[in-house]
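Read through the structure below, which is laid out as structure tokens, and then see the notes.
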Amino acid sequence: MDWNSQSSRIVVLRDAADGRRSEALEILSGRGGGAVIDLVSDLASCRARCASVAVDLLVLESGLRPIAGEPIEALAAIGPPLVVLLREADAAGALEVTRRGASDCVQVGIDAEGRLPLVVQEQARHGQRDRAHEAAERRIVELEDYTENIIQHMNSALVVVNAEGAITQANATAEEVLGAAAGSLLGGLVDDWFDPEGGEPSLIARTLDEGVSWKGEETVVRRSDGALVPVGISCAPMTNREGQRSGAVAIFQDLTEVKQLELQVLQSEKMASIGKLAAGVAHEINNPTGFIHANLHQMNEYLTDLRGVWKLTAELSSTVTRGDFAAAQSVAGELEALSRELDIDFVYSDFAKAVQESREGSERIRHIVQDLRDFSYRDSGERVDADINECVDSTASIVWTMMKHSVVLEKEYGELPEICCYPMQLKQVFMNLLVNAYQSIEARAKETEPGTIWVRTRIAEGGVEIEIEDTGEGISPENLGRIFDPFFTTKEVGVGTGLGLSTSYSIVERHAGQISVTSEVGRGTCFRVWLPERAPAPEPADG
Amino acid sequence: MAKAKRLPRLLLVDDEERILSALRRSLRREGYEIRTARSVPEALAVLDSEEIDLILSDHMMPGMTGLELLAEAKRRQPGAARLLISGWSQAVAESELEALGIRCLIAKPWEDAALKQQLREALAWSAAGTEARHTFGSRAR
Numbered sequence: 294m295d296w297n298s299q300s301s302r303i304v305v306l307r308d309a310a311d312g313r314r315s316e317a318l319e320i321l322s323g324r325g326g327g328a329v330i331d332l333v334s335d336l337a338s339c340r341a342r343c344a345s346v347a348v349d350l351l352v353l354e355s356g357l358r359p360i361a362g363e364p365i366e367a368l369a370a371i372g373p374p375l376v377v378l379l380r381e382a383d384a385a386g387a388l389e390v391t392r393r394g395a396s397d398c399v400q401v402g403i404d405a406e407g408r409l410p411l412v413v414q415e416q417a418r419h420g421q422r423d424r425a426h427e428a429a430e431r432r433i434v435e436l437e438d439y440t441e442n443i444i445q446h447m448n449s450a451l452v453v454v455n456a457e458g459a460i461t462q463a464n465a466t467a468e469e470v471l472g473a474a475a476g477s478l479l480g481g482l483v484d485d486w487f488d489p490e491g492g493e494p495s496l497i498a499r500t501l502d503e504g505v506s507w508k509g510e511e512t513v514v515r516r517s518d519g520a521l522v523p524v525g526i527s528c529a530p531m532t533n534r535e536g537q538r539s540g541a542v543a544i545f546q547d548l549t550e551v552k553q554l555e556l557q558v559l560q561s562e563k564m565a566s567i568g569k570l571a572a573g574v575a576h577e578i579n580n581p582t583g584f585i586h587a588n589l590h591q592m593n594e595y596l597t598d599l600r601g602v603w604k605l606t607a608e609l610s611s612t613v614t615r616g617d618f619a620a621a622q623s624v625a626g627e628l629e630a631l632s633r634e635l636d637i638d639f640v641y642s643d644f645a646k647a648v649q650e651s652r653e654g655s656e657r658i659r660h661i662v663q664d665l666r667d668f669s670y671r672d673s674g675e676r677v678d679a680d681i682n683e684c685v686d687s688t689a690s691i692v693w694t695m696m697k698h699s700v701v702l703e704k705e706y707g708e709l710p711e712i713c714c715y716p717m718q719l720k721q722v723f724m725n726l727l728v729n730a731y732q733s734i735e736a737r738a739k740e741t742e743p744g745t746i747w748v749r750t751r752i753a754e755g756g757v758e759i760e761i762e763d764t765g766e767g768i769s770p771e772n773l774g775r776i777f778d779p780f781f782t783t784k785e786v787g788v789g790t791g792l793g794l795s796t797s798y799s800i801v802e803r804h805a806g807q808i809s810v811t812s813e814v815g816r817g818t819c820f821r822v823w824l825p826e827r828a829p830a831p832e833p834a835d836g
Numbered sequence: 016m017a018k019a020k021r022l023p024r025l026l027l028v029d030d031e032e033r034i035l036s037a038l039r040r041s042l043r044r045e046g047y048e049i050r051t052a053r054s055v056p057e058a059l060a061v062l063d064s065e066e067i068d069l070i071l072s073d074h075m076m077p078g079m080t081g082l083e084l085l086a087e088a089k090r091r092q093p094g095a096a097r098l099l100i101s102g103w104s105q106a107v108a109e110s111e112l113e114a115l116g117i118r119c120l121i122a123k124p125w126e127d128a129a130l131k132q133q134l135r136e137a138l139a140w141s142a143a144g145t146e147a148r149h150t151f152g153s154r155a156r
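Top line first, the protein sequences correspond to chains A and B.
Per the numbering used here, residue 294 is the first one in the first sequence, and the count goes up by one each step.
Per the numbering used here, residue 16 is the first one in the second sequence, and the count goes up by one each step.
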């Protein structure tokens, strides 16, 4: 017999008042084994025992009589199965016993010796099973609560959809991101939110159709108020026991703030670059302003000269009209003398030259200002088709103002297809690279030879390649691996933000392109940026 | 002294031709003999070939800065007044100017009347200096 091998716990309740030995205890303990048997004599102790330890079975020795005034229903209601020992006198009560809530009964003197252990064993087993069942149920409820808690309180939005794309679960964060009322997402189609344009299938739809997963992809959802919100989404298919696709689970995060911060970093890095350029640009504007200013002053003097000549000419005309030839002759003499004194032929020709030169100067200023304005624009936030040669060239012409005294710029532009991109962001990359090239040339030991910067563009592997090479001081191998790290700089405090190259890196990454560098100390550095002609669709995380 | 009094001779140096043209225009009636140079080597060639009373040089030029040119000019013609003109917003350190005996730094864009005044003063000062040196030299003899 192994019924007690699991250390069943049995509570025997007997009427201590009748003074008899406990028959149940005698029968059961005679069997040996590990059952733990407690003897109690009133209902309160029995309840207390059941409350403090896991009791598998109650055995009542005192038949159907009320125990301390309470009926046996009260005992049966405690929980564990109840087996009642009936005296001969109670023989008729077998049915009554089960009717009143007990699980089974045994007749003392008839079959108690043989049956009680069997009944106890069976009932104890039931009791154990019931308790296990209850514990499992409790555990399930706990787990459900636990999971629900996690789902509802996680920082990410979560939706679960069935194979038809209907939302079967959504947490509070999902409702918040989508601007949906509590509970209103359930049953709705996920593509109403994730594919608002009805265009290409949404990432979730593709997970349902193709079984692909996504990890941290950027996409757009339309909130209930109509606003488009950028989100980062991870999504995986779910399968049922038969291995069929049963739906998908997706978590996503509102990227609005992240995007804004990114733009701010981008813009402030650009402003820092523009600050670096400002001195060069000021010089470039001050030169033409200088000569235009001086020319204007001089032209005013020329005007005074010409006014004097004009006055005499008018006088000459009037004397001739009057027929006063003597006076005319005298005025003509004055006119000639004045013209000679003022070198009026020179004044005429130099006036014209001053006007021409000043016009060229103002045109130059206009160009510089135009370039600067183009450069400081922010992208509209949408990709457009752009001519990369134009982007490179207009950037080079801005940077050129600061470097023209010490650098020879060699441009080798290839014929390029238009690229779908954020042109302003790319210009910023080119500017960072050009300014770095210039600064690295400036940082060389003093040399009489000017440095050279080559700017080359060409078609390469389904896209275009932009190469910016310099004859500057070069980058040491130990620094080469860190140059794209944020805040890494070898420049003096205040010269570099340490964000230029890391910003460039993330811009190129945003274009699904690549940026690479080769460098040799003392010889120079070459940066290569490769950009795909079309930004590829996002790649599933599981290939 | 029997030496004929000649017009003060100015050397204007700038890599920007339009600046030279405008300066020449401004100074046309100031009674100067004007030489111009568009690069440092050109300017040094002028300094080697004739006596110059005042040299007005741009600062940022390819190859060598105006400061470097003026330092060289001080060696070749110490009697010439030295002035620097620049559109570069980064200020040149005062100490550097003083060390080279440069009278002033003129910012582009310049004010015509002020420029003329500064040139006159610089010439008067260097002429006085030259005379003082001569006087000192004769007394020492």
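Virtual Cβ for every residue (Gly too), placed ideally from N, Cα, C.
Item: Segment limits, alpha helix (DSSP H) that includes A:Asp397; Value: Careful: A:Asp397 lies outside any alpha helix (DSSP H), inside the beta strand (DSSP E) at Asp397 to Gln400.
Item: A:Val348 beta carbon less than 9 Å from that of A:Leu321; Value: no
Item: Presumed contact (8 Å Cβ cut-off) between A:Val377 and A:Gly356, rounded CB distance; Value: 7 Å
Item: Beta carbon of A:Ile330 nearer than 9 Å to that of A:Ala417; Value: no
Item: Contact set between B:Asp68 and chain A, taken where Cβ atoms lie within less than 7 Å; Value: Here the premise fails: no neighbours, minimum Cβ distance about 21 Å.
Item: Residue environment, A:Leu306, which counts as buried when at least 16 other CB atoms sit within 10 Å; Value: buried
Item: Through-space distance from A:Thr440 to A:Asn533, alpha-carbon basis; Value: 19 Å
Item: Which of helix, strand or coil DSSP assigns to A:Arg853; Value: This structure leaves residue 853 of chain A out entirely; chain A is present only between 294 and 836.
Item: Distance, B:Arg90 Cα to A:Gly817 Cα; Value: 36 Å
Item: Residues sharing a beta bridge with A:Ala820, DSSP; Value: It should be pointed out that residue 820 of chain A corresponds to Phe in this sequence rather than to Ala. According to DSSP, which records beta bridges pairwise, A:Phe820 is partnered with A:Ile761 and A:Val810.
Item: Assigned exposure category for A:Trp296 - 16 Cβ within 10 Å defines buried; Value: Here the model assigns A:Trp296 a pLDDT of 45, short of 50, so the residue's position is not dependable, and the following value carries that caveat. The residue in question, A:Trp296, is buried, as its Cβ has 16 or more Cβ neighbours within 10 Å.
Item: Sequence ranges, alpha helix (DSSP H) only - wholly within the stretch 55-80 of chain B, length at least 4; Value: 55-64
Item: Close Cβ partners of A:Leu251 (< 8 Å) along its chain, the five nearest in sequence each way excluded; Value: Only positions 294 to 836 of chain A appear in this structure, which leaves residue 251 of chain A out of reach.
Item: Beta-carbon neighbours of B:Ser41, restricted to chain A and to distances below 8 Å; Value: Ala587, His590 and Gln591
Item: Closest by C-alpha distance to A:Cys713, when choosing among A:Asp680, A:Leu702, A:Tyr706 and A:Met695; Value: A:Asp680
Item: CB contact check: A:Ile578 to chain B, cutoff 9 Å; Value: yes
Item: Close Cβ partners of B:Asp63 (< 8 Å) along its chain, the five nearest in sequence each way excluded; Value: Arg91
Item: Length of the line joining the Cα atoms of A:Phe584 and A:Thr512; Value: 55 Å
Item: Three-way DSSP call (helix, strand, coil) for A:Ile776 in this model; Value: coil
Item: Rounded C-alpha distance that separates B:Ile67 from A:Leu665; Value: 41 Å
Item: For A:Ala370 and A:Gly407, believed in contact at Cβ under 8 Å, the rounded distance; Value: With a Cβ gap of about 29 Å, A:Gly407 and A:Ala370 do not count as contacting.
Item: Partner residues on chain B for A:His698, Cβ-Cβ distance less than 7 Å; Value: Met75, Met76 and Pro77
Item: Which listed residue (A:Glu760, A:Gly707, A:Met717 and A:Gly756) has its alpha carbon closest to that of A:Arg726; Value: Position check: residue 726 of chain A holds Leu in this sequence, whereas Arg was assumed. When each option's Cα is compared against that of A:Leu726, the closest is A:Glu760.
Item: Cutoff 9 Å: A:Phe487 Cβ touching any chain C Cβ; Value: The chain labelled as chain C is not found among the protein chains of the depicted structure, namely A and B.
Item: Beta-carbon separation (whole angstroms), B:Ser101 vs B:Ala128, contact threshold 8 Å; Value: Incorrect: roughly 19 Å between the Cβ atoms, too far for contact.
Item: Closest Cα partner of A:Ala805 within the set A:Ser797, A:Thr811 and A:Ser812; Value: A:Ser797
Item: Residue span of the alpha helix (DSSP H) that contains A:Asp485, given as start and end; Value: Asp484 to Phe487
Item: CB-CB length for A:Leu277 against A:Ile746, believed under 8 Å; Value: The structure shown does not extend to residue 277 of chain A, since chain A is modelled only from 294 to 836, so the question has no answer here.
Item: 6 Å Cβ shell around A:Leu719 - same chain, five flanking residues per side excluded; Value: Cys684
Item: Within chain A, the residues that B:Glu31 reaches when beta carbons sit closer than 8 Å; Value: Asn580 and Phe584
Item: Contact list for A:Gly654 against chain B, beta-carbon separation under 7 Å; Value: Arg33
Item: Burial state of A:Ile777 (16 or more Cβ within 10 Å); Value: Checking the displayed sequence, the identity of residue 777 of chain A turns out to be Phe instead of Ile. Its Cβ being crowded by 16 or more others within 10 Å, A:Phe777 is buried.
Item: CB contact below 9 Å: B:Trp125 versus chain A; Value: yes
Item: Minimum C-alpha distance to B:Ala137 - residue among B:Pro77, B:Gly78 and B:Arg97; Value: B:Arg97
Item: Chain A within 9 Å of B:Gly102, Cβ atoms only; Value: yes
Item: Delimiting residues of the beta strand (DSSP E) encompassing A:Leu332; Value: Val329 to Val333
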